[in-house]
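Q:
Here you go:
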């Protein structure tokens with residue numbers, strides 16, 4: 006079924022296992038029967054996370070700026086820029102002073118079945 010998604014549909018929750026002000030809002034996930042998760046991410050000013058990716062993750066920066074590092078690769082992305090992070094990489098994602106709002110797509114789903 007075709008769906009139009011917007012920020013008004015988002016219900017943000019703190020990213021699992023994170024203490025910083027990093028929040029995720031899945032709009033499409035395993036509950037909808039498709040193979041991908043689609044949602045929004047919100048990072049407070051100078052907040053971030055560090056984790057080993059269990060999924061392929063594509064992040065589109067909508068507002069603010071983020072720095073993403075993995076090994077010796079370091080990129081900074083702002084509005085309209087996309088960062089691809091492959092499954093298995095350990096990444097550090099950190100928002101700059103203004104924080105950041107992102108949209109993301111993961112394959113497969115990043116949450117365990119049944120998690121909300």
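Numbering (my numbering), first residue to last: 6 to 121. Positions of the beta carbon are idealized from the N, C-alpha and C atoms, including for glycine.
#1: Return yes when the Cβ of residue 111 is within less than 8 Å of the Cβ of residue 55, no when it is not.
#2: Three Cβ pairs or more, each shorter than 8 Å: is that satisfied between the stretch 57-72 and the stretch 84-95?
#3: Confirm, please, whether the CB-CB distance from residue 58 to residue 32 is below 8 Å.
#4: Please classify residue 8: is it buried, with 16 or more other beta-carbons within 10 angstroms of its beta-carbon, or exposed?
#5: Report the option in 6, 47, 16 whose CA atom is closest to the CA atom of residue 106.
#6: Hey, how far is the Cα of residue 114 from the Cα of residue 36?
#7: Which residue spans inside the stretch 55-120 form an unbroken beta strand (DSSP E) run of at least 3?
#8: Rounded to a whole number of angstroms, what is the C-alpha to C-alpha distance between residue 14 and residue 20?
#9: Compute the Euclidean distance between the alpha carbons of residue 1 and residue 50, then round it to the nearest angstrom.
#10: How close, in whole Å, do the beta carbons of residue 99 and residue 83 come, if the pair is a contact with beta carbons under 8 Å?
A: According to the structure data:
#1: If you number the chain shown from 1, residue 55 lands on position 50. If you number the chain shown from 1, residue 111 lands on position 106. At the C-beta level, residue 55 and residue 111 stay beyond 8 Å of one another.
#2: The way I'd put it, the stretch 57-72 does touch the stretch 84-95; three or more beta-carbon pairs between them come closer than 8 Å.
#3: Taking the chain shown and counting its residues from 1, the one referred to as residue 32 is at position 27. Taking the chain shown and counting its residues from 1, the one referred to as residue 58 is at position 53. Taking 8 Å as the Cβ cut-off, residue 32 and residue 58 do not qualify as a contacting pair.
#4: As a position in the chain shown, residue 8 is number 3, starting the count at 1. Counting every other CB atom within 10 Å of its CB across the protein chains shown gives residue 8 a total below 16, marking it as exposed.
#5: The count along the chain shown starts at 1 and reaches residue 106 at position 101. The residue with the shortest Cα to Cα distance from residue 106 is 47.
#6: Your numbering for residue 114 matches position 109 in the chain shown. Your numbering for residue 36 matches position 31 in the chain shown. Cα to Cα, the separation comes out at about 10 Å.
#7: Taking only runs of at least 3 residues, the beta strand (DSSP E) segments lying wholly in the stretch 55-120 are 61-75, 78-82, 87-90, 95-112.
#8: Counting from one through the chain shown, the residue named residue 14 turns up at place 9. Counting from one through the chain shown, the residue named residue 20 turns up at place 15. Rounded to the nearest whole angstrom, the CA to CA distance from residue 14 to residue 20 is 18 Å.
#9: The requested residue 1 does not occur in the structure, where the chain is confined to residues 6 to 121.
#10: As a working note, residue 99 is residue 94 in the chain shown. As a working note, residue 83 is residue 78 in the chain shown. Contact doesn't hold; Cβ gap of about 14 Å is too wide.
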